[in-house]
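In this note's numbering, the protein residues as written are 242 to 756.
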């Protein structure tokens with residue numbers, strides 16, 4: 242018992258507030274939890290920021306062509322990313338949780354496997370979705386035997402594992418990627434019109450060229466991110482990091498070659514990005530095939546029903562998130578090329594730095610999913626507390642760094658005086674929201690690790706409705722500043738929703754009532 246107290250010093254009888262602030266002085270301590278978080282979070286954060294950094298490099302190169310091209314690509318990137326998130330976010334999030342649970346159960350003893358396969362999901366209340374639904378005793382006992390055979394890990398060192406969710410994620414990712422490519426290519430012009438790029442706008446032709454070519458890489462994007470979700474479930478974030486860095490270095494090298502040497506302009510930037518995405522997918526698939534048998538014993542072993550049930554909830558959530566960000570970009574585009582170019586630079590920096598916190602979210606999700614599967618509630622609470630505290634520290638640190646350097650760094654993206662002036666208006670918002678953004682992202686990982694998909698979806702819909710009203714009203718009254726005020730409200734509401742769930746000790750967190 243004394244040993245457990247050393248591992249989880251913050252798990253004494255306490256009030257709810259303690260999950261956020263208890264033992265804050267130990268936030269940087271490299272104990273067991275600290276090492277687990279660092280081992281997963283650091284590579285994940287680097288991998289998550291690698292692609293936005295590559296997009297920022299695209300933005301910097303394109304900014305040398307002219308402000309119209311910069312604004313056009315800004316609209317295309319915003320549209321591509323937001324459509325991608327509708328498919329990517331639910332797929333990656335549920336894949337990480339499902340694979341972490343299946344891998345954890347597979348590593349237990351046969352007796353423990355049977356117990357866990359029958360009881361998994363009992364920690365989640367009726368609002369949440371069980372990863373492995375319970376059944377009646379007779380049917381449940383028979384199904385648990387099949388689960389044991391599915392999750393069983395061979396004692397032979399080099400034999401590949403059967404992880405049904407991994408196979409399911411790849412099939413779904415490939416299908417969604419092709420659907421996205423067809424949708425964006427066939428609907429490029431009307432979608433850009435919806436984003437505020439009118440038919441007579443000088444932005445239309447370069448925006449359509451970039452969006453159409455970049456959409457050819459959609460299958461690779463969806464497939465690679467599905468595989469990243471699998472590796473995260475294994476608590477391996479180094480492999481996705483290596484693959485992503487290799488692809489993005491390729492992108493950065495090819496950008497000036499295609500754009501300036503071959504004189505392809507914005508089309509060259511899109512081609513370079515597509516090549517890099519297929520390279521990432523090939524590397525990840527090669528590494529995954531060494532660890533997992535991607536061909537399941539039969540079609541019925543695939544987990545399509547489980548993905549569909551929880552994925553639809555997260556799809557509802559990500560549509561709400563996507564609509565807010567896409568609407569903000571559309572409102573900026575309607576204010577003209579100068580405002581859109583400035584908004585694109587601010588948004589890229591805003592999202593890229595915030596994604597560093599997503600590394601903490603990934604680590605929290607993977608560790609919490611495994612801990613919930615084993616019903617180790619002491620580790621659940623200790624992990625949630627630590628990642629939230631680290632998120633707050635990270636946000637404060639990012640705010641200081643951006644506050645000191647962003648005014649000078651903006652000149653890397655454009656030399657246009659008017660665009661730089663508008664960027665300077667957005668900088669205080671980009672800087673000031675960093676702690677809020679970090680907590681919002683980390684709370685996402687905490688909720689997903691607890692399989693609290695229903696609450697995440699419904700709360701985000703409410704947040705989106707309020708935020709959309711704020712965007713429409715403030716942008717019409719205060720233009721560029723109004724958009725950023727509304728985005729600040731949006732992120733604050735997201736963070737508040739996370740605090741509310743744990744603070745009220747409801748859903749999967751009801752066990753805190755006994756603490």
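Here a beta-carbon is modelled for each residue, glycine too, at the ideal position from N, C-alpha and C.
About 5 Å separates the CB atoms of residue 632 and residue 601; that is less than 8 Å, so the two are in contact.
Take residue 536, set aside five residues on each side of it, and the residues of its chain with a beta-carbon closer than 8 Å to its own are 408, in chain order.
Between residue 564 and residue 573, the C-beta gap is not smaller than 7 Å, which leaves the two residues out of contact. If you check the CB distance, residue 517 and residue 491 come in under 7 Å.
Judged by DSSP secondary structure, residue 491 falls within the alpha helix (DSSP H) whose first and last residues are 479 to 497. Annotation: the continuous alpha helix (DSSP H) that includes residue 662 extends over 658 to 673. With a cutoff of 7 Å on beta-carbon distance, residue 611 and residue 345 are scored as near each other. A straight-line Cα-Cα distance of about 27 Å links residue 654 and residue 483. Residue 465 has its alpha-carbon roughly 30 Å from the corresponding atom of residue 445. Residue 507 sits close to residue 314, with the two beta carbons spaced by under 7 Å. Taking a contact to require three or more Cβ pairs closer than 8 Å, the segment 664 to 673 and the segment 706 to 713 do not qualify as touching.
Under the criterion of beta carbons closer than 8 Å, residue 726 and residue 647 do not qualify as touching, at roughly 18 Å.
DSSP places residue 507 within a helical segment (H, G or I) once states are collapsed to three.
Apart from sequence neighbours up to five positions away, the residues of its chain that approach residue 682 with a beta-carbon distance below 8 Å are 595, 596, 598, 599, 601, 602 and 632, ordered along the chain.
Within the segment 442 to 477, the complete alpha helix (DSSP H) runs of at least 4 residues fall at 445 to 456 and 459 to 474.
Linking residue 555 to residue 410 through their CA atoms gives a straight-line distance of about 15 Å. Beta-bridge annotation (DSSP): residue 402 is paired with 533. A Cβ-Cβ separation of about 7 Å places residue 425 in contact with residue 321 under the 8 Å criterion. Residue state for residue 306 is assigned as coil, using DSSP reduced to three classes.
In the displayed model, residue 276 falls within a helix according to three-state DSSP. Burial is judged here by how many other beta carbons sit within 10 angstroms of a residue's own beta carbon; residue 423 has fewer than 16 and is exposed.
Judged by DSSP secondary structure, residue 554 falls within the alpha helix (DSSP H) whose first and last residues are 545 to 574.
Ranked by Cα distance from residue 524, the first of 497, 489 and 568 is 489.
A direct Cα-Cα distance of roughly 7 Å separates residue 661 from residue 651.
Excluding five sequence positions before and after residue 559, the CB atoms of its chain that fall closer than 7 Å to its own CB belong to 326, 327, 330 and 331, given in chain order. One thing to note: residue 414 has its Cβ within 7 Å of the Cβ of residue 467. With respect to the 7 Å criterion, residue 454 and residue 493 are not classified as neighbours on the basis of their beta carbons. Residue state for residue 271 is assigned as coil, using DSSP reduced to three classes. If you check the CB distance, residue 340 and residue 533 do not come in under 7 Å. Its chain contains 681 and 704 as the residues whose beta carbon lies nearer than 6 Å to that of residue 735, once the 5 sequence neighbours on both sides are disregarded; these appear in chain order. Assigned with DSSP and collapsed to three states, residue 341 falls in helix.
The beta carbons of residue 526 and residue 487 sit about 13 Å from each other, so the pair does not count as a contact at 8 Å.
Contact check between the segment 731 to 748 and the segment 685 to 700: three or more CB pairs, one atom from each, fall below 8 Å, which counts as touching. Assignment of residue 430 by DSSP, reduced to helix, strand and coil, places it in the helix class.
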